[in-house]
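Protein chains: 2
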Amino acid sequence: MNDKDRRSMPLFGIGIVMKLTELTARQIRYYEENELIHPERTAGNQRLFSFNDVDRLLEIKNYLDKGLNLAGIKLLLSEEDVKVIPVQEKKQAEISKRELREILKSEISGAGRFGKASLRQGELSRFFVNR
Amino acid sequence: MNDKDRRSMPLFGIGIVMKLTELTARQIRYYEENELIHPERTAGNQRLFSFNDVDRLLEIKNYLDKGLNLAGIKLLLSEEDVKVIPVQEKKQAEISKRELREILKSEISGAGRFGKASLRQGELSRFFVNR
DNA sequence: AAACGGATGTTAGGTTACCTTACATTACAT
DNA sequence: ATGTAATGTAAGGTAACCTAACATCCGTTT
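Line by line, the protein sequences give chains X and V. Here numbering that gives the first Met the number 0 is used: the first residue of the first sequence is 0, the next is one more, and so on. Here numbering that gives the first Met the number 0 is used: the first residue of the second sequence is 0, the next is one more, and so on.
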């Protein structure tokens with residue numbers, strides 16, 4: 000089992016995730032409803048979150064603190080996802096859109112007063128050998 | 000927050016621990032009853048396990064597979080605990096006992112056919128930066 | 001100002017997961 | 001054969017979680 004597997008293992012119930020992220024259950028479920036996260040489910044339909052999910056929630060929280068709305072955050076996060084995909088044919092229109100998002104993202108990520116989160120975004124990844 | 004804290008954070012419900020260790024709930028509770036592990040509890044009295052707890056359970060399972068009984072395992076594990084304590088005055092009798100255990104332990108640890116555990120003992124620690 | 005929509009709170013009713021306790025079983029040692 | 005350690009299983013109860021619905025707060029639009 001490699002780190003990638005470990006990071007995506009469904010481990011945490013929503014209660015623990017609430018503590019780790021200082022988000023309410025309502026918020027977490029709402030973000031899932033809006034497809035910002037996609038936690039696994041137990042056989043009995045209860046959510047099980049991975050380290051990746053928690054990291055993602057911390058990012059979401061971070062961006063929300065900076066005034067972004069969920070639609071914008073969704074764009075930013077999906078942008079991160081496609082970056083993982085190796086080579087990919089892309090239409091001209093898409094490229095400019097993506098570049099735009101890149102700019103937006105670096106702008107936003109810069110100016111951050113810190114919130115009251117117990118875990119800074121990215122800190123959770125220190126659970127792992129490789130980042 | 001350092002790695003030591005992370006390793007002892009109460010994160011997992013018993014259901015997840017069952018999957019991680021391939022132990023039954025009955026077994027896990029029994030080991031707690033016999034003071035081999037000491038998981039935290041939620042406000043509602045439900046067990047919450049840390050990475051350390053899971054590692055410990057994997058060790059327990061390992062030793063059980065080798066034919067040790069819980070009393071022996073408890074000794075071995077407590078032996079590991081005291082090793083963390085830095086310098087410590089010790090009586091003559093205790094020393095020989097501990098040496099005996101050391102020998103026992105290295106003997107046992109050697110000859111291991113592998114069980115059907117999904118996680119080898121020690122593997123879980125790879126969740127962390129420092130081992 | 002009023003209406004709207006996004007994000008979150010709250011409540012209700014139902015289900016799943018977990019709790020302890022007690023008794024049954026299995027396997028090994030005496 | 002009896003005893004004990006380790007585990008299974010069942011019952012009854014509680015905690016944690018689920019969805020759905022409605023309420024609230026707040027910034028934006030009309």
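For each residue, glycine too, the CB sits at the ideal point set by N, CA and C. On a predicted model such as this, the values are computed, not experimentally measured, just so you know.
- Setting aside the 5 residues that flank it on each side, X:M8 is surrounded in the same chain by S49, each with a C-beta closer than 7 Å to its C-beta; the list follows chain order.
- Three or more beta-carbon pairs drawn from the segment 64-80 of chain X and the segment 27-47 of chain X are found closer than 8 Å, and the two stretches are therefore classed as touching.
- In the structure shown, X:E39 falls within a strand segment according to DSSP collapsed to helix, strand and coil.
- Only exposed fits X:R25, as fewer than 16 other CB atoms lie within 10 angstroms of its CB.
- In the DSSP annotation of this structure, the continuous segment of the alpha helix (DSSP H) that includes X:S7 starts and ends at 2-7.
- Comparing C-alpha distances from V:Q120 to each of V:K3, V:T20, V:D2, V:R5 shows the shortest one belongs to V:T20.
- V:E32: member of the alpha helix (DSSP H) spanning 24-32, first to last residue.
- A direct Cα-to-Cα measurement between V:L22 and X:G66 gives close to 46 Å.
- Annotation: V:G121 is outside any alpha helix (DSSP H) and is labelled neither H nor E by DSSP.
- Cα atoms of X:F11 and V:V16: separation of roughly 10 Å, rounded to the nearest angstrom.
- V:L47 and V:R40 have their C-alpha atoms some 5 Å from each other.
- Those residues of the segment 3-20 of chain X placed with their C-beta closer than 7 Å to a C-beta in chain V are R5, L10, F11, G12, I15, ordered along the chain.
- V:N1 is classed as exposed because its beta carbon has fewer than 16 other beta carbons within 10 Å across all chains shown.
- X:D52 places its beta carbon 8 Å or farther from that of X:L123.
- Taking the C-beta atoms as reference points, X:F127 is found no nearer than 8 Å to X:R28.
- In chain V, no part has a C-beta under 7 Å from the C-beta of X:F48; the shortest such distance is about 11 Å.
- Distance from the CA of V:E58 to the CA of V:G14, rounded to the nearest whole angstrom, comes to 19 Å.
- For V:E58, the enclosing alpha helix (DSSP H) starts and ends at 50-64.
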